[in-house]
Amino acid sequence: MYYELYIDLFFAENFMMDSLLLLFAARISKRQVKRKRIFLGAAAGSLLTCLVIALPIPSAALKMILFHGFVNVFMLKAGLGVNWGRDLVYAWILLYVSGFLLGGAMMVFRPYIQSLSLFFLLAVGSYYLLLKVWELITAFSRQKGFQCTVLVSCKGRTLKLQALIDSGNSLRDAQSGKPVHIVGRQAIRGLWKDEPVTGLRYVSYHSVGRENGIMPLLELDRMKILRRRGNETETITIDRPLVAVCEEEKVTEQYDIILNLDI
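Here it is, written out as structure tokens:
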């Protein structure tokens, strides 16, 4: 038994799926990557997949290693620019989770799709459906986030703020790699008063309705997070924390600061 493979169609189908998977992984991980780079990474991944298929490699185990190891790692590095180590492992897992979700969404209708153009249309539709589902999951998780009290100190002043540990906040400083917390303007005015702000930097972000936004980035002296665990209060102290100042007076009506989940 043998199969006849049209390499041009195989490349086109893989390029389409790899592009959607990288776009979905970039959106979930909140990576600011240009789409041109994502498409180039998807093209490289699809080309390498075709090469592995075409090469006469006798070992099936070696082909699996090349597919799931070399090809996908190269595609993630080229398309998303992830660093070696934990970020790469996280992106690799996210790629397979995205593939599982996207493949499951398409599996329902794939038997009824006879042409390549309809397959592409189905893939794009499944991609946007998954994005909407992810936004709903993210919004629900924010409502179920952990509430706590935070003492922030700077310029010899200390403020008591109501905080939410939010799974939707995964901001990191591009220079130091430290997690970034989001605070309202009201709290910053209470800490800085009329003193000038020096050494101001910015952090980029994207959210629903805003693709590329920036917020001022400030460094505080200390932050103490107080959480109730039964009859005891757990205290987490963070020195030199980074906070991004949003446009609103308070982050939400209830909370003055949204803490990064990585704490």
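If you use my numbering, the sequence shown corresponds to residues 322 to 584, in order. Where is the CB? At the ideal position from N, CA and C, for every residue including glycine. These numbers come from a predicted model, not from an experiment.
Residue environment, residue i, which counts as buried when at least 16 other CB atoms sit within 10 Å
{"i": "N581", "result": "buried"}
{"i": "P617", "result": "An answer regarding residue 617 cannot be provided, because it is not within the stretch 322 to 584 covered by the chain."}
{"i": "Y448", "result": "buried"}
{"i": "S340", "result": "buried"}
{"i": "M338", "result": "buried"}
{"i": "V403", "result": "buried"}
{"i": "N585", "result": "Lying before the first or after the last residue shown, residue 585 is absent from the chain, which here runs from 322 to 584."}
{"i": "A375", "result": "exposed"}
{"i": "F336", "result": "buried"}
{"i": "C567", "result": "buried"}
{"i": "H389", "result": "exposed"}
{"i": "K465", "result": "Residue placement at K465 is poorly supported in this model, since its pLDDT is 49, which falls under 50; the coordinates still yield a value, given next. Under this definition K465 is an exposed residue."}
{"i": "Y576", "result": "buried"}
{"i": "S367", "result": "buried"}
{"i": "I546", "result": "buried"}
{"i": "M385", "result": "exposed"}
Span of the beta strand (DSSP E) around residue i
{"i": "R478", "result": "R478 to D487"}
{"i": "S474", "result": "F467 to C475"}
{"i": "N581", "result": "I578 to N581"}
{"i": "V564", "result": "L563 to V566"}
Paired residues, beta bridge with residue i - DSSP
{"i": "K545", "result": "L472 and T558"}
{"i": "R522", "result": "L538"}
{"i": "I503", "result": "A565 and I579"}
{"i": "R356", "result": "BP columns for R356 are empty, so no partner."}
{"i": "R493", "result": "P500"}
Which listed residue (the options) has its alpha carbon closest to that of residue i
{"i": "C475", "options": "L539, A495, W405 and V403", "result": "L539"}
{"i": "V524", "options": "P537, R352 and D515", "result": "P537"}
{"i": "D487", "options": "I578, A399 and G534", "result": "I578"}
{"i": "Y411", "options": "S350, A399, K514 and M544", "result": "S350"}
{"i": "A270", "options": "D515, K545, A381 and K398", "result": "Look at the range of the chain in this structure, 322 to 584, and you will see that residue 270 is not part of it."}
{"i": "I328", "options": "D515, L369 and E516", "result": "L369"}
{"i": "L451", "options": "A333, S419 and E555", "result": "S419"}
{"i": "L472", "options": "V504, A495 and Q496", "result": "V504"}
{"i": "L482", "options": "D494, H502, S491 and N490", "result": "H502"}
{"i": "S360", "options": "V394, L401 and P377", "result": "Rather than Ser, the amino acid found at residue 360 in this sequence is Phe. Answer by Cα proximity: L401."}
{"i": "L485", "options": "G406, L563 and V572", "result": "V572"}
{"i": "F391", "options": "P377, D408, L442 and A365", "result": "A365"}
Residue span of the alpha helix (DSSP H) that contains residue i, given as start and end
{"i": "V394", "result": "N393 to L401"}
{"i": "L383", "result": "A381 to I386"}
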